[in-house]
Every structure is written in structure tokens, then in C-alpha cells.
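**Q** This is the structure, below, for whatever I ask next.
Residue numbers (my numbering): 7 to 876.
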């Protein structure tokens, strides 16, 4: 600075005040000059300037395409000095038909794709204005909008376009400002025009009535809008959430497979991302129903094909795709726009009303401009008519005048003309003196006077202005209107977990130390009787598979514990793990008390009018309506009241008119009718079912089915099938009859099942080995026989659990997936596995039971047992 320069004054200010003021200035600049559209023409400044630059270049829809680099350079040099990196992407979006419902730029070249492919460089692409852009710019030269100086004041630019086309509501807009954002969906032009006309005709129309015309957003990519609640909320308040879905249909593929074909996808969704997400679902194992996914899209349209595996339910796959991929998205409507340079959240009617107000002002200003132009032309014609009528005198005045200004002054004085009229007379060509030209002057003047009268009438009557607006809308609807692309369907609820999980029968396994898992039944192949089996789990040392049962993934599982409590769980919530996996600790699924153990599991589909029949180690039985267990608590609920030294061992589902068999560890059994047990509440204690002998305890509970047989399996791998007719009906409470001979060869009983001839048997050993054999290979024997070998056990191994399942051989020889078994869940032996009696032969003839082993006592006598119900 020069030595004599005065120092600049220093002003003290708080830093927070300076930051606040600077940030507010920045925020307002972003809001007004960058991110939010103007409610009148629906354009942001960058978009508006691109169209103005194209108009300056004369790039109309009928002109040749020009390089986008030229357009970008013109825009940047004259109107938008913010770099081509912001201008060219904006130009590209105005040309993409999957972004704009009605494109404003007619493109030529690579302008990107719905797959997310980027456009080519601007030196390769070309563009010109589309028809809708000309509607936005129409009448720009008729003083319809205000102009302001550009950034370097070298020219002027309009603050808004006349916008005959309702761009904001038809094309929508999105942008993120500071502290606010906008996300206006596109709409159908035909519906919008009708809606605007409705508001013009009835300014007090309700939004509900307006929505009968403007039915909802209409996206360029089509698809479905699910429900109108979010749309209604947005149209009333300016904000709402709308669920968008891809449009699909199914096709029959080769080999009996079904293909799901998506032909339209949600708005602003990248098609490549959809394919990647579907592939990730399959790779991560979150769905096993998809065989293949292909993109068969071409210039005719989108076609994404998802091939479903044979036998899988396609609706389940559709639900999974909607839930886990961008084939279903939520579009957040946030209709924020600038109204007089202030951001406002607007409803549907307000958006349409602002368009009407803008167009009324444009029509008025255009009419005023045309009126002034017509009056000026009429003024000139009036002077020419006077001159032609007095042509000789006019020529004489001109001839005598020494200069042009003198001639002008003489004409003004002589004929009482204006200076403009005198100048027009001096410029008049001699051909205007021809008779036809004189008549044309008079007719032109008369036509101008009619226009002037019309313009003045329009300006004096607002109804005529609205009539012009209506005619513009009718014409635009007729020429440019089209059909809806996006269909509106019924409201969809959030997917329940059942909607996303296939219904299939699975094997559920529970280990002695409390590890649980589920596996597909196809994991185990069928073997012959006496096979060694395959490993069912990589069990921990000291643990063994204690229980296995078959259930459907949509079933409920009631977990009954030895303490008489019941816990509720869905099968699909049990972790699906590999065959070798040890499982997941059940304490992570159920809130078990310390020392509480699962003793029985019952899969049920619904809590209907059936009953649950329970049995305890001491031989107590209780019948309770199944519906009483439909509302469990997280910490479990009471299923039966037990004495301190008693434990719950088994539970079955009954219809109220069944016979039941209770068996003991040492091979005794009793058969009685469940009508002998009255229905009780959950907290009751029950009645005496069987009276075990000293040192014996109840082991299993089975429903009688005359079409099946009773299968009894012992811990050393031996078992037998016996017809239920061998078990005569008794009164409950006795000691029962012999069911199977136990001893060193057989060991104690580990399970009892009601099985059919075509059923299959799954057996699990203490070391985690499993074998699956046809039940038909186990021959039927008498009631007190010792049975045959079912599984070959290694030294020190013992059988601990069994499960039965129905099976059909398919035409191709592979095992079919079995349905859910309705019998009781198996109960594994939890005590000592030592020898329980003398060894015997493989089969033993029937013998009379020991005295007192069967109870034929009448009710009330000793054999009936004491009443234990509360």
C-alpha cells in the first residue's frame, strides 16, 4: 500500500455472529439459486439457463442437433459460470426418459441408461430442445416475465420462464438444500390439465374431489403405487410416504419351472443394483428358491427374469424379492418449492393454484404487450391513411421542405400528426399509392382496431383470461397428453415373517446340553434296517442329541419343560444350520430358569378346539384345551402344577375322543380312553394315569390309531411294532401290562411312537449318529416280545431319541418331503443307561403278566388311583 494510504477501519465483531451471518448467506444462496425449483416453471436456475442458451442458439425441435459441448459452453459463458461439471449432468438428466416423465431435451448419442451407465463425454453427444421445452419458453419475447442482468451484466436473463407446460407437477423435482430438501413426484399431463381446469372452474374444490381427477403420481418407469394413504397425505400436507413396486408377471419355463418376469421397476432405482441384490440373496443363502436370474432387457423395454426352482412356490419368492431388494421401495414425497423466493411446502391444490396464478400473469402481460404493439401499429396506419387521402398536398410539402426535419415539422403542423406518423409518411414507398394498397391500409387498420378492442376486453375481464388458459390446457392435453404408466393398486401391509419363509418340513434337533437347530430332511438319505447311519451333528464332548422331531417351518413349537412350564416359538425362528453343526444354545431363544430342561416339544399349526394331554414321571395325566396356550409370555407360562419330586415327560395333541397308551422305562404300559380325564385349566395338577412299580417311571405317551402300530425302541438299538389291538382298554390308574421285554440286550425304553406301514423312522444316538429306515422293515410282534435290531451301535454308544415321519417314494425314486407328524414329540431317556434286566432272545412269545400288573378296578377302587386335580 502507498505510504500515504489511510489504514482501513477495523470493526470488532463476535466470531459466532460472523459465522452465523455467513452461513445464512450461503444457505439462502443454495436454497434460492441452486437446489430448489421455482413453483412457477418448476426449474432450478441451472436448468433454466440451459434452456435459455439452447433458445439463443436456435436449437428448436425442428433444427439440427448441436454438440452438447457447444450448449454447455454457451450456458457457462453467458449465464451459469459454475463449471461444465455441473451443467452437463443437468443437461443429461433433462434428456433421460427414465428420469423425466416428459423430457425437455431431445438427445442424440449416449446419454446414460437405467442400469447406471454414465453418459458419453459432451464432445460426443448432441442435443436440441424437445417440444415441451418450447412450451416452457413460448412467449418469452413478449414481456411476459421479468429479466435481470446476468453474472457479468453483459446481457439479461429471465428470472422465470412463461411455462405454458406445467413442468413442476408433471416432471417433478428433487434437490437437497441446506436444512431442507424437495422430492416432488412426476404426474400425468392429461390428469394435471384436467385437474387445473377443475380448480379454475371451482376454486373451492376439495383435495378429495381433485384426487378423483389427479389420481396419483405417474412415474416414467411405470410400476405400481401400493395404496393411496401416503398419496392422500402428501396431496393434503405436502409430505407423505408412497410404496412403489415393480410390475411383474409369471411365465412357464422349460422343465416345469416358473419364471418371474419384471417388466417395470420403481422410479429412480438402478436396474443393475436390483440384479446384484438378487444375486447376493442367493449367494448369502437368504433364499434357496431361485435357480437363475437374467437380464433380458433390450430397446423394447425392461425384462428381468428370475427363474424359480422346480416345486418352489413363486408367491413366496415374489414376497422375498419385494422385501429384500429394490423391487419395492418407499418414495418420500416432500413437495417444497420457491414461492416468491421463499421455500414453502405445498399440497396438490396449492401447486395447481400457483401454476394458474403464474399463467394468468403471463397471459395478462402478453396481452398488454400485444395491445401496446397493436396500438403502435394502428397509430402508424392512421397517419398513412391521412397521407394517402391528401397525397398531393403531402408531396408538395415534402418538395418545398429544405430538410427532412423541416418536412417532418410541416407534416405535423398541417395534419396534426405525431412525429412517428410523420416519419412513417416520409418512409412510405410510392407503391402504397396504388388503389389496392390504399384498400389494404384501411383493412389492416380495421383489423388492428378489432384486436385492440379484444385485448382491452381481455385485460378488463378476468374471466376471459381464464378462458384463454382453459383453451391452452385443452390444446396441450389434446396434442401432448398420454395414458398413465404407473398403476395404483391396493394398500399392501408389511410382510409378515411367514410371507418370506417357504413352508417345508424340517427336522428339529435338540441336544442334551441345550443346543437346537433345524435341517432340511433331504440332508439324510434313506438306509436299510441295521445300517450305521451318518453324522447328524458335530456334538461337543459330553453332549448328545436327545430329541428330534419333524415340523413345518410355519408351525408353532410348544416347548414343555420338566418343571411344568411351556414356551412358545416359531419353527422358522430356530436357526437353520448345517448337518454337522452342533446348533445354537436354546437359552438364546427361550428364557429358561436355571436348571430347567426341555422334556417335550409339540409342533402345532393353530390353537384350535383340540386338547393337550400331558403325562408326568409319576404317572399323572392332565387334559387342557390347546387354546389355553395361545398367549404365552416371554418368560413362559404354567402348563401343569407338579409336586416337587415329579417332572413332566410327555405331551400329545388330542381331539377329545382318543385312546392313549402310557409306557414306562421298564416296558410296562396302560391303555385308557381320554374321556376318563376331564378337561382342566393350565394350573391344575391332573389325575392318576398309570401307577408305576417301585423303581419304574413313566416314559412315553402315545395316541392310539388302529390303522397304525405301536413302535417301541430301547436304548441298545432294538425295537418292535405291535398292533394297538394287543393293548386292551383299561381304566386309568392301574399298573398296566407288559409292552416290551427289557433287559441287558435291550436296555430301557427310550421312545414310543404310533407309526404306519409306509412311515420312516429317524433314530439318534448319544454320539450324534443318525439313521433313517423304513418302518415297514420292522416286523410286527406280540406285545411282550423283545423286538429286532434297528440300528447297529458302536461300543459305548446308545440310542437316545426317535422320530417318525410319513414318506412317499416319488416317481424318480427320490424321497419325498414328509408332512408334519401329528403324534407326540419323542422324549429321550435322561437317567442311567445301565442294564435293566436279563438278556433274552431276539423275539419272545407273549406271556401272562404278573399278578396285579393289569388293573380292572372300577372307579373309586384302588386301581383308579387318587384324584390329583386341583
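Beta carbons are placed, not taken as given, at the ideal position from N, Cα and C, and that holds for glycine.
From residue 744 to residue 735, what distance separates their C-alpha atoms?
**A** 14 Å
**Q** Which full runs of the alpha helix (DSSP H) of 4+ residues lie inside the region 62-103, going along the chain?
**A** Within the region 62-103, the complete alpha helix (DSSP H) segments of 4 residues or longer fall at 74-84, 90-101, listed in chain order.
**Q** Between residue 556 and residue 809, what straight-line distance do the alpha-carbon atoms span, to the nearest angstrom?
**A** About 7 Å.
**Q** Any chance you could list the beta strand (DSSP E) runs of at least 3 consecutive residues sitting entirely within the region 688-756, in chain order?
**A** 704-709, 715-720, 724-729
**Q** Indicate the three-state DSSP secondary structure (helix, strand or coil) for residue 340 in the structure shown.
**A** Residue 340: strand per DSSP, three-state reduction.
**Q** CA-CA distance, residue 837 and residue 267?
**A** Residue confidence is low: residue 837 scores 31 on pLDDT, short of 50, so the model does not pin down where it sits. Its coordinate-derived value is still stated next. The alpha-carbon atoms of residue 837 and residue 267 are separated by roughly 58 Å.
**Q** Counting pairs of Cβ atoms below 8 Å between the region 206-214 and the region 176-187, do you hit three or more?
**A** no
**Q** At which residues does the alpha helix (DSSP H) containing residue 255 begin and terminate?
**A** Not the alpha helix (DSSP H): residue 255 falls in the beta strand (DSSP E), residues 253-258.
**Q** For residue 316, which residues of its own chain have a beta-carbon under 6 Å away from its beta-carbon, when the five flanking residues on both sides are left out?
**A** 262, 263
**Q** Examine the Cβ distances between the region 167-177 and the region 140-149 and report whether three or more of them are shorter than 8 Å.
**A** The answer is yes - the region 140-149 touches the region 167-177, with three or more Cβ pairs under 8 Å.
**Q** Based on Cα-Cα distance, which residue from 435, 691, 473, 576 lies nearest to residue 569?
**A** 691
**Q** On the DSSP letters alone, give me the boundaries of the alpha helix (DSSP H) that residue 308 sits inside.
**A** Segment: none, residue 308 is in no alpha helix (DSSP H) and carries neither H nor E.
**Q** Is the Cβ-Cβ distance between residue 5 and residue 668 less than 8 Å?
**A** In the structure displayed, the chain extends from 7 to 876; residue 5 sits before or after that span and is not available.
**Q** Please check the pair residue 387 and residue 450, which I expect to be a contact at CB under 8 Å, by giving their CB distance rounded to whole angstroms.
**A** 6 Å
**Q** Would residue 122 be called buried (16 or more neighbouring beta carbons within 10 Å of its own) or exposed?
**A** Counting the other CB atoms within 10 Å of its CB gives residue 122 a total below 16, which places it among the exposed residues.
**Q** Please classify residue 214 as buried or exposed, where buried requires at least 16 other C-beta atoms within 10 Å of its C-beta.
**A** exposed
**Q** Is residue 236 helix, strand or coil by DSSP?
**A** helix
**Q** Buried or exposed: where does residue 496 fall if 16 or more other Cβ atoms within 10 Å of its Cβ makes it buried?
**A** Exposed, since its Cβ has fewer than 16 Cβ neighbours within 10 Å.
**Q** Shortest alpha-carbon distance to residue 195 belongs to which of 220, 184, 187, 652?
**A** 220
**Q** In whole angstroms, what is the alpha-carbon distance linking residue 19 and residue 13?
**A** 18 Å
**Q** Per DSSP, residue 628 is paired with what?
**A** 620
**Q** DSSP three-state call for residue 838: helix, strand or coil?
**A** Note that residue 838 has pLDDT 31, beneath the 50 cutoff, so the model's placement of it is unreliable and the number below is only indicative. In the three-state DSSP reduction, residue 838 falls in the coil class, being neither helix nor strand.
**Q** Report buried or exposed for residue 426, applying the criterion of at least 16 other Cβ atoms within 10 angstroms of its Cβ.
**A** exposed
**Q** Please report the straight-line C-alpha distance between residue 391 and residue 435, rounded to a whole angstrom.
**A** 13 Å
**Q** Grab me the residues of residue 35's own chain with a C-beta within less than 6 Å of its C-beta, minus the 5 sequence neighbours each way, in chain order.
**A** none
**Q** CB-CB under 8 Å to residue 583, same chain, minus the five flanking residues each way: which ones, in chain order?
**A** Excluding residues within five positions, the ones whose Cβ falls inside 8 Å are 523, 524, 525, 589, 590.
**Q** Would residue 112 be called buried (16 or more neighbouring beta carbons within 10 Å of its own) or exposed?
**A** With 16 or more other Cβ atoms inside 10 Å of its own Cβ, residue 112 counts as buried.
**Q** Is it the case that the Cβ atoms of residue 90 and residue 105 are separated by a distance below 8 Å?
**A** no
**Q** Starting from residue 330, follow the alpha helix (DSSP H) in both directions and report where the run begins and ends.
**A** 320-330
**Q** Strictly by DSSP, which residues pair up with residue 643?
**A** 572
**Q** To the nearest angstrom, report how far apart residue 227 and residue 478 are at their CA atoms.
**A** Put simply, the backbone Cα of residue 227 is about 28 Å away from that of residue 478.
**Q** Compute the distance between the beta-carbons of residue 308 and residue 289, then report whether it is under 8 Å.
**A** no
**Q** With DSSP run on the structure shown, which of helix, strand or coil describes residue 521?
**A** DSSP places residue 521 in strand when its eight states are reduced to three.
**Q** Taking contact to mean at least 3 C-beta pairs separated by less than 8 Å, is the region 41-54 in contact with the region 354-374?
**A** yes
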